[in-house]
Amino acid sequence: MAATKSKTINLRPLDDRVVVQPTEAESTTAGGIVLPDSAKEKPQRGTVVAVGPGKLLDSGARGELSVAVGDVVIYGKYGGSEIEVDGEEMKILRESDILAKIG
Numbered sequence: 001m002a003a004t005k006s007k008t009i010n011l012r013p014l015d016d017r018v019v020v021q022p023t024e025a026e027s028t029t030a031g032g033i034v035l036p037d038s039a040k041e042k043p044q045r046g047t048v049v050a051v052g053p054g055k056l057l058d059s060g061a062r063g064e065l066s067v068a069v070g071d072v073v074i075y076g077k078y079g080g081s082e083i084e085v086d087g088e089e090m091k092i093l094r095e096s097d098i099l100a101k102i103g
């Protein structure tokens with residue numbers, strides 16, 4: 001169970017999957033030009049809101065994930081699956097789709 005803003009979502013990813021809430025894309029450029037939705041870059045940064053139990057190893061044990069709820073991460077531009085939960089955009093990624101943790 002993970003919290004997003006004031007809402008609580010009941011979403012449990014499987015195996016080594018992670019649910020990320022993307023940060024909003026910039027709506028204005030550094031020069032002050034307002035961008036329409038169609039011209040915005042896809043966000044590549046977000047906050048982890050739920051993590052799975054880890055990948056099942058050949059030994060039968062679960063591999064530990066290197067990210068936790070609340071971590072800010074950078075992920076591939078086209079990685080994962082986009083979903084909507086309670087009106088909010090979320091992304092389900094495999095841990096291998098995450099490129100780095102920030103902070």
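In the UniProt record's numbering, the protein residues as written are 1 to 103. All residues carry an ideal CB built from backbone N, CA and C; glycine is no exception.
With contacts defined by Cβ atoms closer than 9 angstroms, leucine 11 and valine 69 do not form a contacting pair. Check the Cα spacing between leucine 56 and each of Glu95, Asp15, Val19: the tightest is with Asp15. When the five nearest sequence neighbours on each side are left out, the beta carbons in the same chain lying within less than 7 angstroms of the beta carbon of isoleucine 98 are those of Val18, Val67, Val73, Tyr75, in order along the chain. Proline 53 and glutamate 24 have their alpha carbons spaced roughly 28 angstroms apart. In this structure, the straight-line span from the alpha carbon of threonine 47 to that of lysine 101 is close to 10 angstroms. Minimum Cα-Cα distance from proline 22 among the listed residues Pro13, Ser81, Glu64 corresponds to Ser81. The beta carbon of glutamate 89 is closer than 7 angstroms to those of Pro22, Glu82 in its chain, skipping five residues each way along the sequence. In the structure shown, glutamate 64 falls within a coil segment according to DSSP collapsed to helix, strand and coil.
Secondary structure at glutamate 95: helix, using DSSP grouped into helix, strand and coil.
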